[in-house]
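Residue 105, in full-length UniProt numbering, is where the sequence shown stops; the numbers in between run on with no holes. No residue lacks a Cβ here, since even glycine has one placed at the ideal position from N, Cα and C. Reading through the structure tokens given below for one structure.
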Amino acid sequence: MDAELAKDAVTLSAEYIAGLAVLATVGLVVMWGLFWRAVANSRENIMDILRSPSFFKTVTVMGVIAATVVLSLAGRLEGNITGAILSGIAGYVLGQLSNKSDADK
């Protein structure tokens, strides 16, 4: 079984994997730029935003999604594992939104 998987596995060059990592990094930098632009336009206190638990949750979710996508596209994660990670993140985010709306009632 392992020999079959090894035979069917796609080998990717180091340059391709590095390119995926650069693409993910550029995506994160663009998102950070948009975030800080929105902060500047909102006239919120930056320290209040940085101390917020929501800020750290958002940063963590973005990092896990970027790493999962890069590893999946590089062929280092199987599709079912990628799906499990991304569905877990979606459930976490939707669960947080549900808790907030329940607290508002």
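Find out if the Cβ-Cβ distance for the pair LEU73, LEU20 is shorter than 7 Å. Translated into positions along the sequence shown, residue 73 becomes position 73. Translated into positions along the sequence shown, residue 20 becomes position 20. For LEU73 and LEU20, yes; Cβs fall inside 7 Å.
Excluding the five sequence neighbours on either side, which residues of its own chain have a C-beta within less than 8 Å of the C-beta of VAL64, listed in chain order? Reading the sequence shown from its first residue, position 64 is the one you call residue 64. Non-local C-beta neighbours of VAL64 in its own chain, meaning closer than 8 Å and more than five positions away in sequence, comprise ILE85 and ILE89, ordered along the chain.
In terms of residue numbering, what span does the alpha helix (DSSP H) encompassing ASN41 cover? On the sequence shown, position 41 is the one that residue 41 refers to. First-last of the alpha helix (DSSP H) with ASN41: 14-42.
Drop a sphere of 10 angstroms on the beta-carbon of THR11, count the other beta-carbons inside from all chains shown, and report buried for 16 or more, exposed for fewer. Here residue 11 is taken as the residue at index 11 of the sequence shown, counted from 1. Exposed, since its Cβ has fewer than 16 Cβ neighbours within 10 Å.
Within 7 Å, strictly: CB atoms of THR58 and THR68: On the sequence shown, position 58 is the one that residue 58 refers to. On the sequence shown, position 68 is the one that residue 68 refers to. Not a contact, by the Cβ cut-off of 7 Å.
Confirm, please, whether the CB-CB distance from ALA18 to ALA66 is below 7 Å. Your numbering for residue 66 matches position 66 in the sequence shown. Your numbering for residue 18 matches position 18 in the sequence shown. Result no, Cβ atoms of ALA66 and ALA18 do not sit closer than 7 Å.
Return the first residue and the last residue of the alpha helix (DSSP H) that THR68 is part of. Counting from one through the sequence shown, the residue named residue 68 turns up at place 68. Segment 53-73, the alpha helix (DSSP H) holding THR68.
Counted within 10 angstroms of its Cβ, other Cβ atoms place VAL26 as buried (16 or more) or exposed: One-based indexing of the sequence shown puts residue 26 at position 26. Exposed, by the Cβ-count rule.
Who are the Cβ neighbours of MET1 in its own chain at under 8 Å, not counting the five residues just before and after it? Residue numbering aside, residue 1 sits at position 1 when the sequence shown is read from its first letter. Because the pLDDT of MET1 is 47, which lies under 50, any placement of that residue in the model is unreliable, and the number read from its coordinates should be weighed accordingly. Result list for MET1: empty, nothing under 8 Å.
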